[in-house]
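Enquirer: Numbers 1485 to 1776, taken from our numbering, label the letters of the sequence shown in order.
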Amino acid sequence: MPFKKLGTKLRSLLGGGNLDESFFEELEDLLIEGDIGSTTTMEVADELREMVRKEKLRSREDIFGALKELLEGYIKVADLSLQDNGLNFILVLGVNGVGKTTTIAKLGNMFSEKIGKEKILFCAGDTFRAAAIDQLTIHGERLGVRVISQQQGADPGAVIYDGIESALSKNMELLIADTAGRMHNKANLVKELQKIDKIIRRTISPDSYHCLLVIDATTGQNGYKQAEIFHEAIGVDSIALTKYDSSAKGGIVISICRQLGIPFSYLGMGEKSTDLIPFETDLYLNSLLGIE
């Protein structure tokens, strides 16, 4: 399970010694090490101090339970469900290398079980990298899902527009679009995404439009910065956390929910098309805290 290292350290800390200030200072160090972030960690520690004092907590299990209860209150979860009438649009955001195209394939596989693959369309909106177009095309072929694409360097907004027109003309129920993630040029990235967002909102109703950000669990606090930038650009509706199976930390979920107010909708647990599951708070926290 992920987070085993952090969970083991937390259990060791809670296993002995007095609940004095040095205990809370060491707890703060461990939570920051687990990528929960300094601001959120300070809030957690202060609230836990108060709970320990008020409820006179002493046992390791009681303190673990209190810590889990606190963190549970911080986490936000979103259910990415499709509207019954009209075209649903999922715009997939994220920097290069986080697993956007793989996540699109997993989403396509998941929703095909509900509405059928013939009702789903992929759109290769990342025209900056030829590899991104090729990867999405391969995923579409494997799943039996049609892919709308143009050549490398094409206007992403035009590709998205073509995707919407095609989806509407064929009475599709779901359009999932890839986007570029050029973080080295933030100004161009933001401008491009805002243009795409305007094109989508002209046709797709707000209830049927979802901006899904993909974050790599192994990147730590960089994930927080990515969420901040994309959220400021066009607004992120929810986040899919990828490479969850290989991460030793993952506390970034808590700081993003707490500080940015963005919920999480999915966990990527592996490379197969079926390795995407709805985000479950209890599963996540048990892993984070090393609870069997």
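Ideal placement from N, C-alpha and C gives every residue a C-beta, glycine not left out.
Which of helix, strand or coil does DSSP assign to A1661?
Expert: The answer is strand: DSSP assigns A1661 an E or B state.
Enquirer: Exposed or buried, what is K1488 when buried is set at 16 or more other beta-carbons lying within 10 Å of its beta-carbon?
Expert: With a pLDDT of 49 at K1488, under the threshold of 50, the predicted position of this residue should be treated as unreliable, though the coordinate-derived value follows. Its Cβ having fewer than 16 others within 10 Å, K1488 is exposed.
Enquirer: Straight-line CA distance for Q1705 to I1699?
Expert: Rounded to the nearest angstrom, the two C-alpha atoms are 11 angstroms apart.
Enquirer: List the residues that DSSP assigns as beta-bridge partners of P1690.
Expert: In the DSSP output, where bridge partners are listed per residue, P1690 has none listed.
Enquirer: Among the residues of its own chain, which have a CB less than 8 angstroms from the CB of G1745, if the five just before and after it don't count?
Expert: Same-chain partners within the cutoff: K1560.
Enquirer: So, is Q1619 buried or exposed, given that buried needs 16 or more other C-beta atoms within 10 angstroms?
Expert: The residue is buried, with at least 16 neighbouring Cβ atoms inside 10 Å.
Enquirer: Starting from Y1750, follow its DSSP beta bridges and name the residues at the other end.
Expert: Bridge partners of Y1750: A1724, P1762.
Enquirer: How would you call D1766, buried or exposed, if buried means at least 16 neighbouring beta carbons within 10 angstroms?
Expert: Flag for D1766 reads exposed.
Enquirer: Here's a check: name, in chain order, each residue in its chain whose Cβ is nearer than 6 angstroms to the Cβ of P1747, leaving out the five neighbours to either side.
Expert: Counting only Cβ-Cβ distances below 6 angstroms, and skipping sequence neighbours, we find K1560, V1561, A1562, S1722.
Enquirer: Using the three-state DSSP reduction, which class does I1547 fall into: helix, strand or coil?
Expert: I1547: helix per DSSP, three-state reduction.
Enquirer: Buried or exposed, going by whether 16 or more other CB atoms sit within 10 Å of the CB of L1498?
Expert: The residue in question, L1498, is buried, as its Cβ has 16 or more Cβ neighbours within 10 Å.
Enquirer: Is it true that the CB of L1605 sits closer than 8 angstroms to the CB of V1629?
Expert: Yes, these two residues count as a Cβ contact at 8 angstroms.
Enquirer: Compare the C-alpha of K1598 against each of I1622, D1568, E1625 and name the closest.
Expert: Closest by alpha carbon: D1568.
Enquirer: Kindly indicate which three-state DSSP category E1531 falls into: helix, strand or coil?
Expert: In this structure, E1531 counts as helix in the three-state DSSP scheme.
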